[in-house]
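Q: Residue numbers (my numbering): 17 to 159.
Even glycine gets a Cβ: it sits at the ideal position worked out from N, Cα and C.
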Ligand SMILES: CC(C)(COP(=O)(O)OP(=O)(O)OC[C@H]1O[C@@H](n2cnc3c(N)ncnc32)[C@H](O)[C@@H]1OP(=O)(O)O)[C@@H](O)C(=O)NCCC(=O)NCCS
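1. Please find out if some non-hydrogen atom of ligand 1 comes closer than 6 Å to the beta-carbon of residue 103.
2. Just tell me which of 139, 54, 153 and 147 has its CA closest to the CA of residue 81.
3. Give a yes or no on whether the C-beta atoms belonging to residue 125 and residue 93 are separated by under 7 Å.
4. Can you have a look at residue 39 and say buried or exposed, based on whether 16 or more other CB atoms are within 10 angstroms of its CB?
5. Mind checking whether residue 107 and residue 78 have CB atoms under 7 Å apart?
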């Protein structure tokens, strides 16, 4: 039987668990994977870190940010043993609703094109309105 799933906003006491989950999920490490960066994120009114809970523990995450112009998705991750149960899809429905509530009319997700599992997921999200955009190239500056 599929585990009961609940989705809620992350709390400060979730921070260490969320960082551990990103490691366990194989999410590509990022410079902002630190407790202070996550604490700052949780204090933002214009961004949200959602966690999915099943079997009494955090099994998935997503970050949604609203910059006043666009919504952006980061850190969508589900523990390997909980995949293919619709958890990432459920997280995306929730974060879409949060970002729309903040005013977003357009939401972007950056997806590593050599991560077939991630591309597979995002291609499947076409039914939720997400379309692959082949016209863009990304530029990044890290401080
Ligand atoms: C990508 C990821 C978040 C998907 O999580 P998930 O909870 O397994 O996704 P869902 O169960 O909601 O999948 C919904 C649909 O997406 C597609 N999909 C999901 N995983 C897939 C995969 N590995 N290969 C191909 N398609 C996939 C399927 O169509 C799936 O529906 P189905 O199971 O009925 O066939 C998860 O694999 C993960 O955490 N990967 C590591 C971190 C990562 O790469 N994150 C993405 C950053 S952009």
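A: Here's the rundown:
1. For residue 103, the Cβ falls inside the 6 Å cut-off from some heavy atom of ligand 1.
2. Here the closest residue by C-alpha is 54.
3. Pairing residue 125 with residue 93 gives a Cβ-Cβ distance that is not under 7 Å.
4. The C-beta of residue 39 has fewer than 16 other C-beta atoms within 10 Å across all chains shown, which makes the residue exposed.
5. Taking 7 Å as the Cβ cut-off, residue 107 and residue 78 qualify as a contacting pair.
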